[in-house]
Amino acid sequence: MNDATPLWEFADISKAYPGVLANDKVCIKLMKGSIHGLLGENGCGKSTMIKTLSGVQQPDSGKILHDGKVVQIPGPLAARDMGIATVFQEFSIVPTLSVGENIFLGNMPRSRFGVIDWAKVHSESARVLKEMDIDIDSEAITGDLSVGEQQLVEIAKAIAMDASMIILDEPTAALGEDEIEQLHQLLRNMRSRGTAILYVSHRLDEVERIVDEVTILRGGCVVSAAGETEINVSEIVSAMVGGDVGEHYPKENNSTEDVVLRASGLKTKLGVSDATFALRRGEVLGLGGVLGSGRTEIARALFGVDKLTSGSVELDGAPVKFRNEMEAIQAGVALVPENRKTDGLFFNFRASGNITAASLASISKLGLLDLAAEGAGTERLMDELEISAQAEAKTVNFLSGGNQQKIVIARWLFAEAQVLILDEPTQGIDIGAKIAVYKLMNALTRAGKSIILISSDHDELLAMSDRVAIVQHGAIKKIVDASELSHDDLVRASADQIHHTPQELADS
Numbered sequence: 019m020n021d022a023t024p025l026w027e028f029a030d031i032s033k034a035y036p037g038v039l040a041n042d043k044v045c046i047k048l049m050k051g052s053i054h055g056l057l058g059e060n061g062c063g064k065s066t067m068i069k070t071l072s073g074v075q076q077p078d079s080g081k082i083l084h085d086g087k088v089v090q091i092p093g094p095l096a097a098r099d100m101g102i103a104t105v106f107q108e109f110s111i112v113p114t115l116s117v118g119e120n121i122f123l124g125n126m127p128r129s130r131f132g133v134i135d136w137a138k139v140h141s142e143s144a145r146v147l148k149e150m151d152i153d154i155d156s157e158a159i160t161g162d163l164s165v166g167e168q169q170l171v172e173i174a175k176a177i178a179m180d181a182s183m184i185i186l187d188e189p190t191a192a193l194g195e196d197e198i199e200q201l202h203q204l205l206r207n208m209r210s211r212g213t214a215i216l217y218v219s220h221r222l223d224e225v226e227r228i229v230d231e232v233t234i235l236r237g238g239c240v241v242s243a244a245g246e247t248e249i250n251v252s253e254i255v256s257a258m259v260g261g262d263v264g265e266h267y268p269k270e271n272n273s274t275e276d277v278v279l280r281a282s283g284l285k286t287k288l289g290v291s292d293a294t295f296a297l298r299r300g301e302v303l304g305l306g307g308v309l310g311s312g313r314t315e316i317a318r319a320l321f322g323v324d325k326l327t328s329g330s331v332e333l334d335g336a337p338v339k340f341r342n343e344m345e346a347i348q349a350g351v352a353l354v355p356e357n358r359k360t361d362g363l364f365f366n367f368r369a370s371g372n373i374t375a376a377s378l379a380s381i382s383k384l385g386l387l388d389l390a391a392e393g394a395g396t397e398r399l400m401d402e403l404e405i406s407a408q409a410e411a412k413t414v415n416f417l418s419g420g421n422q423q424k425i426v427i428a429r430w431l432f433a434e435a436q437v438l439i440l441d442e443p444t445q446g447i448d449i450g451a452k453i454a455v456y457k458l459m460n461a462l463t464r465a466g467k468s469i470i471l472i473s474s475d476h477d478e479l480l481a482m483s484d485r486v487a488i489v490q491h492g493a494i495k496k497i498v499d500a501s502e503l504s505h506d507d508l509v510r511a512s513a514d515q516i517h518h519t520p521q522e523l524a525d526s
């Protein structure tokens, strides 16, 4: 193979499902020592292409070439044997196994007697994690790790294979800025060693920083091949959606001086050490911090998931103490969780069952569900939030990430929540769906509702928040107007040891 020959090449790949042409004569060339971005909105055909190159499915027509020779990839094991490692958006880890066992799952090193070499499993896992500059114990149980740490384990599995080609599908969706930069530096090192990397992400700011070239899909077709689109956010968005979408962060300032929720000295046994803040009516209060800083733990404490060991919460001036999630819901507090797939949705339900799940008493008579009331409420919210009509025709597992996220938010609107905690609300959804969520946040604050926003996307956090609370080790260290912070300021503030008294924070 000469330098001009792609390591892997798709040539006129087509794949159809009943009623849908997912890929239509797609052509992509993946070169050694290059990071190639595969971009497009949800439903554009990216996932189908990933499955084809990973051997999960076979194309209906077209050719796949490796080192210039036509090949077939009959299955995932064949793909692995050919040097292809894939990190899918949906985790494939086994939560009851250790980190080391997951990293080498299906490819365990063995002794000369054919038994698993456990010492080598953990020593090699530790080596890979050290190379990634990630502080995770190879003997830790993977299910005990945070979502972000589990994502890093998924990436470590691919790196441990020493593959010549790595496919990353939304690899940073659950990572903070520091972890993203660590991953990007690792990818740059792999690129310099000649690895071909296919990088799929909805976070276009990081795409701009890391990729060498992009292929953009729309409606299953290539609308921009490598070299045809300048690698900057505006040009990429224009090619993805077929025109300018306008302002990426359409923020409205609806904050008042009226304090809705006041937290003082919150502590839990599960990661909250000192959270003190005031949330105003119509405000978006952002929680900023690195992965594992305690942002999600603060959300869980406010929502009654984790029991407070000390501290107090006031809602509309009255003290409250939530013993569980139902008491928080009844008081008008809602949580849109970080992982909507495992914690936020009933995938065997349609939209209506998901939207009304937290408020069944309000649409029940004599213990029986009032289907007419459920249908009317669901129809109203689906119309207001522009949720696909297909959401009532099929279960939510068949919907796009954007529609799924809006259904979770609709649940809390149906429950008439006044305080909404949004934990990574745009994780894994495309640019159009993100803008829809931002506009929904504006509508909520315009109506006098208040939002606590947790986001690992610093641009999003700064653009959509009125104020930002810096979280370190489960404590809120500083609260600053978002307009006074830059991206670099937020990164530095998340790392600095800044101390304020509880009263200073409560009065902020």
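Residue numbers for the sequence shown, in the working numbering: 19 to 526. Note that CB positions come from ideal geometry on N, CA and C, so glycine has one too.
F122 is positioned such that its CB atom lies closer than 7 Å to that of V139. If you check the CB distance, L95 and E27 do not come in under 7 Å. In its chain, beyond the 5 residues on either side, F365, N366, F367 and R368 have a beta carbon closer than 7 Å to the beta carbon of T413.
Residue range V251 to V259 is occupied by the alpha helix (DSSP H) that includes I254. Residue nearest to M126 within the set V171, K175, L147 and I91 is K175 (criterion: CA-CA distance). Under the Cβ criterion (8 Å, minimum of three pairs), the region 209-216 counts as touching the region 46-58. Nearest in C-alpha terms to V498, of all of L305, H491 and A433, is L305.
If you look at Y217, you'll find it in the beta strand (DSSP E) that goes A214 to V218. DSSP, read as helix, strand or coil, puts F416 in helix. Counting only unbroken stretches of 4 or more residues, the alpha helix (DSSP H) elements lying wholly within the region 56-107 are 64-71 and 94-99, in sequence order. Annotation for L387: L378 and I381 place their beta carbon closer than 8 Å to its own, counting only its chain and skipping 5 residues before and after. The DSSP-derived three-state label of N357 is coil.
Here the alpha carbons of E332 and E197 stand approximately 35 Å from one another. DSSP lists L471 and V486 as the beta-bridge partner residues of G304. For the pair L288 and D324, the Cα-to-Cα distance works out to about 7 Å.
With a cutoff of 7 Å on beta-carbon distance, N272 and R485 are scored as not near each other. Contact between I184 and L170 fails: their C-beta atoms lie close to 14 Å from each other, not under 8 Å.
In terms of CA proximity to V88, L71 leads the group G371, G37 and L71. For A451, the uninterrupted alpha helix (DSSP H) segment begins and ends at I449 to R464. Boundaries of the beta strand (DSSP E) harbouring N41: V38 to L48, taken from the DSSP string. Distance from the CA atom of V112 to the CA atom of E119, rounded to whole angstroms, is 9 Å. Cα atoms of G86 and Q200: separation of roughly 33 Å, rounded to the nearest angstrom.
Taking 8 Å as the upper bound for CB-CB distance, E167 and I154 are in contact here, some 6 Å apart. Boundaries of the alpha helix (DSSP H) around S210: E195 to S210. Counting along the chain, S291 sits inside no alpha helix (DSSP H), nor does DSSP assign it H or E at all.
Of all alpha-carbon atoms in E356, K383, P355 and E392, the one lying nearest the alpha-carbon of I373 is that of E392.
Contact between the region 394-410 and the region 349-357 is absent: fewer than three C-beta pairs spanning the two stretches fall below 8 Å. Going by DSSP, M183 is part of the beta strand (DSSP E) stretching over M183 to D187. For K175, the uninterrupted alpha helix (DSSP H) segment begins and ends at V165 to A178. In the three-state reduction of the DSSP assignment, R298 falls in the strand class.
The beta-carbon distance between G329 and H491, rounded to whole angstroms, is 16 Å. This is too long to meet the 8 Å contact definition.
The Cβ atoms of K424 and L403 lie closer than 7 Å to each other. Where L389 is concerned, the enclosing alpha helix (DSSP H) starts and stops at L389 to E402. Taking 7 Å as the cut-off, the beta carbon of S501 is found no closer than this to the beta carbon of N60. Pairing G310 with V290, the inter-Cα distance amounts to about 11 Å. In its chain, beyond the 5 residues on either side, H202 have a beta carbon closer than 8 Å to the beta carbon of R227.
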